[in-house]
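Protein sequence lines correspond, in order, to chains Z and Y. The first sequence begins at 1 in the numbering used here and counts up by one. The second sequence begins at 1001 in the numbering used here and counts up by one. Note that CB positions come from ideal geometry on N, CA and C, so glycine has one too.
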Amino acid sequence: MPDVRIVNLTKKFGEITALENINLLVHDKEYFSLLGPSGCGKTTLLRLIAGLIEPDSGEIFIGGKRVDDVPPEDRDIGFVFQTFALFPHMNVWENVTYGPRVKNFDLKQAETIGDEVLELVKLHERLDAYPNELSGGMMQRIAVARALAAGAKTLLLDEPLGQLDAKVRNEIRYEIRKMAKDLNLTAIHVTHDQSEAMSISDRIAVMKKGKIVQVGTPQELYMSPSSLFVAHFIGESNFLESSVADARNGDLEIELRGGVKVRAVNGSVGKGERAVLVIRPEIFAMESGLHKGENALVGKVEKVTFEGTLVRYVIKLESQDSVVVVKPSLAEAWIDVGATVTLSFASEKAHVFAYPEAGLMEEISV
Amino acid sequence: MNKRLFRRKLTDSLNTLSSKKAVKYATYLAAIIVFFVLILFPPIIGIVIKWSSISQVLDQPLLMGRAFTAVTNSFAVALLVSALDVLAGIPMAWLITRGKSRWLSVLDTLADVPFIVPTAALGYSLLLFWNKPQGLSSLFGGSLISEGWLLIVLLHFAFSYPIVVRVLVGALLDYKVEYERASRTLGAPPLMAVRTVTFPIIKPSIIAAFILSFARSLSETGATFIVAGAFENGPVFIQNVKNEFSSVALATYEGATVFASLILIIVSLTIFALIRVFGSRLRLPFKRIWPSAERKLSYSKAASSRNSVTLIVFLAIVLLPSLFVALPAFQAVLNGTLSAAVSGSGVWSDYWQSLLLSYLLGGIVTLLSFIVGLPMAIVIARKKFGNLPSSLLDILVNIPLIVPSIALGVSLKFFWQSFTFMPEFLLLVFAHLTITYPYFVRSMSAAFERIGLDMEEAARTLGAKPFSVFTTIILPLAKYSILSGAIMVFTRSVSETGATVAVLNVGSNLQTAPVVIVNWVKQVVPATSLEIGLGCGFLILFSFIILLLLRLVTRGKGRY
Chain Z
1 MPDVRIVNLT KKFGEITALE NINLLVHDKE YFSLLGPSGC GKTTLLRLIA GLIEPDSGEI
61 FIGGKRVDDV PPEDRDIGFV FQTFALFPHM NVWENVTYGP RVKNFDLKQA ETIGDEVLEL
121 VKLHERLDAY PNELSGGMMQ RIAVARALAA GAKTLLLDEP LGQLDAKVRN EIRYEIRKMA
181 KDLNLTAIHV THDQSEAMSI SDRIAVMKKG KIVQVGTPQE LYMSPSSLFV AHFIGESNFL
241 ESSVADARNG DLEIELRGGV KVRAVNGSVG KGERAVLVIR PEIFAMESGL HKGENALVGK
301 VEKVTFEGTL VRYVIKLESQ DSVVVVKPSL AEAWIDVGAT VTLSFASEKA HVFAYPEAGL
361 MEEISV
Chain Y
1001 MNKRLFRRKL TDSLNTLSSK KAVKYATYLA AIIVFFVLIL FPPIIGIVIK WSSISQVLDQ
1061 PLLMGRAFTA VTNSFAVALL VSALDVLAGI PMAWLITRGK SRWLSVLDTL ADVPFIVPTA
1121 ALGYSLLLFW NKPQGLSSLF GGSLISEGWL LIVLLHFAFS YPIVVRVLVG ALLDYKVEYE
1181 RASRTLGAPP LMAVRTVTFP IIKPSIIAAF ILSFARSLSE TGATFIVAGA FENGPVFIQN
1241 VKNEFSSVAL ATYEGATVFA SLILIIVSLT IFALIRVFGS RLRLPFKRIW PSAERKLSYS
1301 KAASSRNSVT LIVFLAIVLL PSLFVALPAF QAVLNGTLSA AVSGSGVWSD YWQSLLLSYL
1361 LGGIVTLLSF IVGLPMAIVI ARKKFGNLPS SLLDILVNIP LIVPSIALGV SLKFFWQSFT
1421 FMPEFLLLVF AHLTITYPYF VRSMSAAFER IGLDMEEAAR TLGAKPFSVF TTIILPLAKY
1481 SILSGAIMVF TRSVSETGAT VAVLNVGSNL QTAPVVIVNW VKQVVPATSL EIGLGCGFLI
1541 LFSFIILLLL RLVTRGKGRY
């Protein structure tokens, strides 16, 4: 069963540490994403799993078998490259059947597999075309078909949708997931696009500067980010600098700039310490005028942007913090620029983190 | 008027001029006319007007047979050498581009050494190393390799090696390793990945390397003459015939020369045409796959010892023999030959003059190549007169490259002879220009193609006039290509022997340095081995210094 297990993996390029002490378990038949900003080491990790580069220390297991010393051709993996890397001197058919042929399958078998995978990606009519005659979307499908044809049970995808335009990208990502699921593959998908990772993954590992910062299902990452970085990188968040006025049994009283006090329950920051209050834009309730109540924040509408499905408001609070609020554009009446509004939020939906030593901007920077 | 203002005005007026279509196209047209009138036609017409002299040898079966054998030898040697060079060059280029040691840049530079050593000096160096008692032979008693075809093969292998490695290194640097990695992840062992994916993709460069090596081997005269002994290939045959007949039976000499030159030219043009047409369709058994055998081979001892074998071949067959002449040169410095040399007594009086002539000629030819070659490179790269004329010119420009240089020189001589006012020195300049022109145009047009039109267009949209675009965008970006083109032209001119002896009158006092070296080695002018060694040593030393200066002058940050 091809689960992929990584133990204490470290990789350096000269002076630079690309990956530091990575531990990870990807389950059998799971669709797993490695998500992070460029330069975080996610592609390096994928290439280590594939055997395209060698680790400095640590162990890699595929299906329970240690593969550190196994060359890439014997790791039984399929790899989809960001640039597709379709062989330019071979046509579609030759590209797709390359794997079965070099793996010494007999000719009949190779042809059957070729037929099957081309059927799967619905490109059976372009057998004779050369890669330079195909569109980006077609090249992408052939690249996947070629990786699948070698019969591997582990599929590694390195930014497989990065070269496609937005519309095609959104279609193909679901197709790839469906194929992986239908064929019972273990898939590891590298991307820097959080919405792509969120929409197709069973689980996601968020990476930053050579380390894995959180692993979880898309919901877990979104609902309970373990760090400011994850809260910032997954979805959108408002960060309010504050301090903890009181802390009792997980019940926190947070004092914002300007003295306004609110209540939060998620977080473990000691009394008197500096903190950051994190609130997602869609969590706020917003009413025109001044209203009293728990967790009420008063401000003025500074900017209104229509984004199609949503309307985005920028509110300048009395504390001088600017926060973003989003509302469905058709379901609610819009509020005009300059209007005074009262925002409120549910205590259990906000998160409190200790103020980072390096500074807030440094902590959340990609 | 101060200097700055003057420059400003000059640039302005050149800019205005360059904006006029008529001026631009007049320049391009002039470059094309110069190419046809000075470079392409003379060697062709020269042979044609002497066509009738062939009758002189048709009734001399002995001479005809000699000529045939010589030409056959030429092609056999060229084929063997080019095949060996490509075989040896691929792992070397691989090591340079894929290796991980930081000594690789040193290796990269060392691989260029035989290219910078003028071939006559290289020939003597190899002769010393393989044949003379001072060299390797001393270990075995007698001479290890006698003068003849094997020594010619070793020589040609050595001087083509840098060219082949350079071309293949360029190809491997441009090649996307991703293809090979894809092949590995699909299940191909290393060797199979390289054979089924990498080689087919860089095939055009492998063919180009083969052609360059082949042409160079066909052409080379001076060094080949030094190591040939009684063996004759085309150029050596022409040289021998000149020595034997030119003063006693001029008609026989002309007949035999035209005959041999004609076969050399026709056969080589045919071969290159064939390679051009069928090369791209050539399918080595790339598609066949032998999974288990290739897997075994990939991880066998043969594969792991590849780098050591490559290095040994390079050191023992290319580098060491090429630089062996430094040994007698060094001895000469110690034993007093040096003072004789500096005082210019005996054989040395001609030597210094010839050295000066060689470098002067090299300088003039480099400058001329630049002037007439640059617009031509632009015409070809930017397709100024449409697709078809440009690709046609692209092919025509290469013709001097594949015509054996001695045949080219013979033909040029015949052509310009009819113009009695033609000074010998100018003839020499034309001969060298013809031979070096393709090198410069090729490297420049490749560079312009690489730069791409978008840079030019960006500069134009920002308000730059064509001349400014050229001086501020294209020249700076093409600086290194211009430098390497100039180095090629210069070294090629300084090395040139075949065409030089062919165009010179008997007893001419315009002997270039390689001609003098050849005469010394062949004892036409009696010289001791220390003297020859020192003569070669100076030639190499000065070439190195000039190249180093060139590099310093054009030194800049970063490569583009």
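Pairing K327/Z with M361/Z gives a Cβ-Cβ distance that is not under 9 Å. For S322/Z, the enclosing beta strand (DSSP E) starts and ends at 322 to 328. Between the alpha carbons of L46/Z and K11/Z lies a gap of roughly 12 Å. When DSSP assignments are scanned along the segment 1106 to 1139 of chain Y, the uninterrupted stretches of alpha helix (DSSP H) that are 4 or more residues long and fall wholly within it turn out to be 1113 to 1116, 1119 to 1126. Pairing S1343/Y with F1278/Y, the inter-Cα distance amounts to about 58 Å. Within chain Z, the residues whose beta carbon sits less than 9 Å from that of P1189/Y are P71, E73, D74, V102, listed in sequence order. The beta carbon of R101/Z is closer than 6 Å to those of A110 in its chain, skipping five residues each way along the sequence. For the set L1150/Y, V1503/Y, S1484/Y, E1254/Y, the Cα lying nearest the Cα of S1405/Y is the one of V1503/Y.
Note on geometry: alpha-carbon atoms of S1205/Y and V1333/Y lie some 43 Å from one another. In the three-state scheme derived from DSSP, where H, G and I count as helix and E and B as strand, D158/Z is classed as strand. For E253/Z, there is no enclosing alpha helix (DSSP H); the enclosing beta strand (DSSP E) has its first and last residue at 251 to 256.
For the 9 Å CB-CB criterion, E175/Z and V121/Z form a contact. In the three-state reduction of the DSSP assignment, A1478/Y falls in the coil class, being assigned neither a helical nor a strand state.
For G78/Z, the C-beta contacts it makes with chain Y under 9 Å involve T1185, L1186, in order along the chain. Around the C-beta of V1177/Y, fewer than 16 other C-beta atoms lie within 10 Å, and the residue is accordingly described as exposed. The beta carbons of F61/Z and D3/Z sit closer together than 9 Å. Taken atom to atom, the span from the alpha-carbon of A152/Z to that of D76/Z is near 5 Å. Remark: three or more beta-carbon pairs, one from each stretch, lie closer than 8 Å, so the segment 137 to 151 of chain Z and the segment 1170 to 1188 of chain Y are flagged as touching. In this structure, L1084/Y places its C-beta atom within 9 Å of the C-beta atom of F1157/Y.
Counted as a single uninterrupted DSSP element, the stretch harbouring L317/Z is not any alpha helix (DSSP H) but the beta strand (DSSP E) occupying residues 310 to 317. The continuous beta strand (DSSP E) containing A187/Z extends over residues 186 to 191.
In its chain, beyond the 5 residues on either side, A1377, I1380, A1381 have a beta carbon closer than 6 Å to the beta carbon of S1445/Y. By the rule that beta-carbons nearer than 9 Å mark a contact, R1008/Y does not touch chain Z. Only buried fits P225/Z, as 16 or more other CB atoms lie within 10 angstroms of its CB.
Assignment of beta-bridge partners to I279/Z by DSSP yields N238/Z. Interface residue (Cβ-Cβ distance to chain Z less than 9 Å): T1097/Y is not classified as such. For V1197/Y, the neighbours in chain Z by C-beta distance under 7 Å run, in chain order, F87.
Pairing V1117/Y with P1375/Y, the inter-Cα distance amounts to about 30 Å.
The beta carbon of S329/Z sits closer than 8 Å to the beta carbons of F306, E307, G308, T309, L310, V311 from its chain, once the five residues preceding and following it are set aside; these are given in chain order.
In this structure, the straight-line span from the alpha carbon of V323/Z to that of F284/Z is close to 10 Å.
S237/Z is classed as buried because its beta carbon has at least 16 other beta carbons within 10 Å across all chains shown. The beta-bridge partner set that DSSP reports for K261/Z consists of E255/Z. The alpha-carbon separation between T1472/Y and V352/Z amounts to approximately 56 Å. About 21 Å separates the Cβ atoms of D28/Z and T191/Z, ruling out a contact at the 8 Å cut-off. Inter-segment contact for the segment 1147 to 1165 of chain Y and the segment 1086 to 1098 of chain Y is present: three or more beta-carbon pairs are separated by less than 8 Å. Beyond the five residues adjoining it in sequence on each side, K316/Z comes within less than 6 Å, by CB distance, of G299, K300, E302, S322 in the same chain, given in chain order.
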